[in-house]
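Each remark here refers to the structure printed beneath this line.
What follows is the structure, given as structure tokens:
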């Protein structure tokens with residue numbers, strides 16, 4: 748059994764802070780669950796371009812408001828507490844938090860991230876060295 752407290756993650760190497768988001772990584776590949784779990788803050792008034800070419804992701808908003816713009820669809824979806832979206836087709840997207848508050852999101856990735864990844868110029872994480880690359884259109888994991 749694995750039990751962790753968010754307060755134990757804060758300020759550690761698993762608390763990754765960038766200008767537009769902060770990811771508190773609760774479960775990583777090394778935990779052996781087959782997915783990773785993140786408590787993520789999208790900072791108020793920011794926009795981040797993301798394209799997980801090698802992962803699928805499910806996201807559940809628990810605080811704040813904003814939107815996700817899916818580039819291929821040229822469509823924008825509102826996000827508020829209780830909204831879930833799943834990027835099951837490796838969609839390139841823009842994630843925006845409204846200027847009045849941060850958005851707090853619970854995120855699940857498959858394959859799981861190791862915790863050492865950084866977004867590249869496309870907004871993607873590289874595939875894990877020991878895991879096969881996912882092809883576009885695979886659903887059910889990020």
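Numbering (this note's numbering), first residue to last: 748 to 889. Every residue gets a Cβ at the ideal spot worked out from N, C-alpha and C, and that includes glycine. Note that this is a predicted model, so its numbers are computed, not measured.
_C-alpha gap between residue 847 and residue 780, whole angstroms_ = To locate residue 847, count along the chain shown from 1; it is residue 100. To locate residue 780, count along the chain shown from 1; it is residue 33. Taking the straight line from one Cα to the other gives about 36 Å.
*Compare the beta carbon distance of residue 840 and residue 809 with 9 Å and say whether it is the shorter of the two.*
In the chain shown, the residue the question calls residue 840 occupies position 93. In the chain shown, the residue the question calls residue 809 occupies position 62. A distance of 9 Å or more separates the beta carbons of residue 840 and residue 809.
*Give the secondary structure of residue 851 by DSSP, where H, G and I count as helix, E and B as strand, and everything else as coil.*
On the chain shown, residue 851 is found 104 positions in, with the first residue counted as 1. Assigned with DSSP and collapsed to three states, residue 851 falls in strand.
*Locate the alpha helix (DSSP H) running through residue 756, then write down its first and last residues.*
Position 9 of the chain shown holds residue 756. That run of the alpha helix (DSSP H) goes 753 to 756.
*Roughly how far, in whole angstroms, is the beta-carbon of residue 842 from the beta-carbon of residue 815, given that I think they are within contact range, below 8 Å?*
For this step, residue 842 is matched to residue 95 along the chain shown. For this step, residue 815 is matched to residue 68 along the chain shown. With a Cβ gap of about 5 Å, residue 842 and residue 815 count as contacting.
*Quick one, are the C-beta atoms of residue 812 and residue 838 less than 9 Å apart?*
Taking the chain shown and counting its residues from 1, one reaches residue 812 at position 65. Taking the chain shown and counting its residues from 1, one reaches residue 838 at position 91. At the C-beta level, residue 812 and residue 838 stay beyond 9 Å of one another.
*Exposed or buried, what is residue 860 when buried is set at 16 or more other beta-carbons lying within 10 Å of its beta-carbon?*
Numbered from its first residue, the chain shown carries residue 860 at position 113. Buried is the call here.
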